Amino acid sequence: MDDHRARVRPARRTCAGPRARGYRRGVNPLTGLGPFFAVDTHPAGEPAEPWRPLSEVLDDGPVLRERVAQNRAVLGGDFVEPRVAASIAHLGLAARIISPALGLAVGAGAVPDYSTAWWQPKLGGAFPLSLEENPPVESDVVSAFAARVLRGPVARLDDAMARFSLARNVRRGNVASALNGAVTVLRSERPEWTDRIARIVAALEELPELAGTGTRENGRFRRRSCCLFYRAAPDRNGPKCGDCVLI
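Under this note's numbering, read the sequence shown as residues 5 to 251, first letter to last.
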């Protein structure tokens, strides 16, 4: 173990942050966007403590099951349906994956490779996340986002969440909701990106993974399913999210 640590550098948070080829030196497009966008960077190699491969939480295994159980305990314990806890865990994981990827795609034309991502299994949606440094700038950012994000870690997590009796339309809606949450932050914090955000997101929402998951009226997104958060209340009638189909 000591030898392993000596050979692997830990992730680091630098002033520049994630740097894709083509970034202006010293400019990090994710700066100031909040905890769901914040990332550390690391060189190629295996993670050293306290970092662990993100892949361990993307499959139906003990790490994901423990995370769902922790969410259930925080939400209220045994009276909370397992599928409700699974949905909340899924939404948080999806948002943590999608947010920095969309920020990099819009702000720098780069898409990270999550197969080499690291994480720290702390409870809460905005857990520490590290991406391999220097993701390349893409000529077709939508296709790259679809391949490396939607059909990569997001699809892998979707398969795992199906084991928790979480309906497919809920899982797809959670991904759409996570994307829309990232869009809301980017529009607020980077108004100069508005046109690029609109173009990229419109193209993403036409992909099979997202098509039909929501509607937009006067710029407001509404999903066509519910994340089930309201069912975490003791009477199964708690507050509903702003983009909920039930509102």
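We treat Cβ as the ideally placed atom computed from N, Cα and C, and that holds for glycine.
All figures in this text were calculated on a predicted structure; none of them were measured in a lab.
Nearest-angstrom Cβ-Cβ length linking residue i and residue j, presumed shorter than 8 Å
i	j	result
C231	S181	7 Å
R71	P125	7 Å
R226	T219	5 Å
V153	I204	Actually they are not in contact, since the Cβ atoms of V153 and I204 sit about 12 Å apart, beyond 8 Å.
D247	N184	6 Å
D64	R160	About 10 Å separates the two Cβ atoms, so there is no contact after all.
G107	L34	5 Å
M165	A90	6 Å
L37	E193	6 Å
Helix, strand or coil at residue i [DSSP, three-state]
i	result
D199	helix
D163	helix
A90	helix
E221	strand
P125	coil
E136	strand
A42	coil
R175	helix
A207	helix
R71	helix
A150	helix
A114	strand
R228	coil
V141	strand
N32	coil
I79	It is worth fixing the name first, because residue 79 is Leu in this sequence and not Ile. Helix, per DSSP.
L3	Only positions 5 to 251 of the chain appear in this structure, which leaves residue 3 out of reach.
G107	helix
A182	helix
L95	helix
S169	coil
L250	coil
L190	helix
R235	helix
P66	helix
R25	Its pLDDT being 36, under 50, R25 is placed unreliably in this model, and the value from its coordinates should be taken loosely. In this structure, R25 counts as coil in the three-state DSSP scheme.
V84	coil
P51	coil
P328	Outside the modelled stretch of the chain, which goes from 5 to 251, sits residue 328, for which no answer is possible.
Cutoff 7 Å; reference residue i; Cβ partners in own chain excluding five residues on either side
i	result
R25	Note on R25: pLDDT 36, under 50, position unreliable in the model; the coordinate value appears next. Taken in chain order, the residues that qualify are N138, P140, V141.
L95	N178, S181, A182, C231
D162	R175
A93	R71, V72, N75
A121	L58, L133, S134, L135
Y234	N241, G242, P243, K244
L211	A150, L154
W3	Lying before the first or after the last residue shown, residue 3 is absent from the chain, which here runs from 5 to 251.
Residues sharing a beta bridge with residue i, DSSP
i	result
R56	W123
R100	The partner list for R100 (beta bridge, DSSP) is empty, contrary to what the question assumes.
Residues near residue i in its chain [Cβ-Cβ closer than 6 Å; skip 5 each side]
i	result
S103	F40, F41, A186
P54	Q124
V84	R76, A236
F149	A109, V115
L156	It should be pointed out that residue 156 corresponds to Gly in this sequence rather than to Leu. The answer, listed in chain order, is Y118.
G62	In the sequence on display, residue 62 carries Leu and not Gly. P157, R160, L161, listed in sequence order.
V67	E60, V61
Close Cβ partners of residue i (< 8 Å) along its chain, the five nearest in sequence each way excluded
i	result
L208	V146, F149, A150, L154, L183, L214
V158	A98, I101, I102, V179, E213
A48	T120, E136
P86	V72, R76, F168, S169
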